[in-house]
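Below is one structure, written out as structure tokens; comments come after it.
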Amino acid sequence: MREPSSAGLADTEAAYAVLSSRHADFSAAEIGDAAGLSPDAVAQALGELVKEHRAAALAADRYLSDLAAKRLMETARRIAAAFHKQNPLRRALPTENLPAPLQKAAACRDFGAVLGWLMEEGILVAEGTGGVRLPDHRVIMPTGWRTAADEILAVYLAAGLQPPLPGNFRANYPRDVSVPGILGVLVETGELVEIEDRMYVSSQAIEETKAAIRRLSQTPEGITVGAVRNATESSRRVILPLLEYLDAQGFTRRNGEKRELAEVGGG
223 MREPSSAGLA
233 DTEAAYAVLS
243 SRHADFSAAE
253 IGDAAGLSPD
263 AVAQALGELV
273 KEHRAAALAA
283 DRYLSDLAAK
293 RLMETARRIA
303 AAFHKQNPLR
313 RALPTENLPA
323 PLQKAAACRD
333 FGAVLGWLME
343 EGILVAEGTG
353 GVRLPDHRVI
363 MPTGWRTAAD
373 EILAVYLAAG
383 LQPPLPGNFR
393 ANYPRDVSVP
403 GILGVLVETG
413 ELVEIEDRMY
423 VSSQAIEETK
433 AAIRRLSQTP
443 EGITVGAVRN
453 ATESSRRVIL
463 PLLEYLDAQG
473 FTRRNGEKRE
483 LAEVGGG
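So, in structure tokens, the structure goes:
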């Protein structure tokens with residue numbers, strides 16, 4: 223392998239001097255202008271810096287110094303670890319909690335690019351819609367709640383789309399067994415879905431409803447509140463918030479009095 227020329231080494235150091243001048247991201251053009259380098263020289267210099275782990279490449283032609291990259295990674299770990307410690311029964315840190323501290327660590331133009339880079343580096347893992355977590359974070363049901371959780375989940379699984387009211391469970395358990403806490407953990411672990419405030423159905427019932435809706439989409443009547451209610455043997459009280467939930471999830475979209483599939487391949 224040919225060693226870089228002295229001119230190439232000088233260009234690399236000049237590019238690094240610009241990158242490390244402040245904790246921020248730079249475009250190749252900005253680095254070239256500040257260092258007085260041609261586009262080809264900048265591209266070669268950045269390639270060397272990335273290979274040497276002295277620079278990190280973000281999306282859309284943006285680059286960080288190793289120092290700025292380290293600050294971003296340490297900040298992301300710290301914010302996520304603190305959230306997990308304070309909220310052990312929540313699966314994910316909302317991504318909306320990250321832009322301000324990350325911007326303070328290193329000023330970057332595109333938060334999405336930074337978040338994607340942090341996930342590529344294995345610092346964070348995407349979780350659900352709009353959430354991230356540390357790779358080793360898991361929601362663990364408190365030992366004293368496990369039996370009650372199994373019993374409550376069994377009720378929701380059997381109920382399908384005729385779910386019980388959460389308050390119905392409170393008389394069955396001692397005060398140190400938190401029914402709202404259990405329901406929250408079951409939502410975080412994906413076993414229940416809260417389709418509206420304090421209305422829960424099992425994930426199994428959600429999937430069965432989706433299958434029924436797909437079948438209805440192929441019928442002349444189409445996807446209406448009444449058709450879904452009849453197909454699932456449920457009630458308007460449950461079907462209305464459930465359909466609104468599925469709209470919000472991007473599975474369906476409303477079109478007048480009917481709905482149509484919005485999922486990929488659904489029309």
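According to this note's numbering, the residues represented by the sequence shown are 223 to 489, in order.
For glycine and all other residues, C-beta sits at the position ideal for the given N, C-alpha and C.
Please read all numbers here as calculations on a predicted model, not as lab measurements.
- Counting along the chain, Ser287 sits inside the beta strand (DSSP E) bounded by residues Arg284 to Ser287.
- Assignment of Ala329 by DSSP, reduced to helix, strand and coil, places it in the strand class.
- Between Val354 and Thr317, the beta carbon gap of about 6 Å places them in contact (Cβ cut-off 8 Å).
- Taking C-beta separations shorter than 7 Å and ignoring five residues to either side along the sequence, the partners of Glu479 in its chain run Thr446, following chain order.
- As far as DSSP is concerned, Lys432 takes part in no beta bridge.
- Put simply, of Asn309, Thr365, Ala328 and Arg392 the residue whose alpha carbon is nearest the alpha carbon of Phe248 is Ala328.
- Linking Arg397 to Gly403 through their CA atoms gives a straight-line distance of about 12 Å.
- It is roughly 47 Å from the alpha-carbon of Thr369 to the alpha-carbon of Ala281.
- The way I'd put it, the segment 328-341 doesn't touch the segment 375-390; fewer than three beta-carbon pairs between them come closer than 8 Å.
- Contact annotation: Val407 and Met341 have beta-carbon atoms that are not nearer than 8 Å.
- The segment 459-467 makes contact with the segment 381-396; the number of CB pairs closer than 8 Å reaches 3 or more.
- In this structure, the beta-carbon distance from Ser260 to Gly269 does not fall below 8 Å.
- Here DSSP, grouped into helix, strand and coil, assigns Arg458 to helix.
- Within the DSSP bridge table, the entry for Asn477 names Lys480 as partners.
- Burial state of Arg300 is exposed, judged by a 10 Å Cβ sphere holding fewer than 16 other Cβ atoms.
- Judged by DSSP in its simplified three-state form, Ser439 adopts coil rather than helix or strand.
- DSSP places Tyr378 inside the alpha helix (DSSP H), whose first and last residues are Arg368 to Ala381.
- Under the three-state reduction of DSSP output, Met295 falls in the helix class.
- In the DSSP assignment, Glu410 falls within the unbroken alpha helix (DSSP H) covering Val401 to Glu410.
- The beta carbon of Gly472 is closer than 8 Å to those of Ala484 and Glu485 in its chain, skipping five residues each way along the sequence.
- Beyond the five residues adjoining it in sequence on each side, Ala278 comes within less than 6 Å, by CB distance, of Leu286 and Ala291 in the same chain, given in chain order.
- In this structure, DSSP gives Arg355 an extended state, which the three-state scheme calls strand.
- In the three-state scheme derived from DSSP, where H, G and I count as helix and E and B as strand, Ala277 is classed as strand.
- The beta-carbon separation of Leu324 and Thr297, rounded to 6 Å, stays under the 8 Å limit for a contact.
- With contacts defined by Cβ atoms closer than 8 Å, Val415 and Ile428 form a contacting pair.
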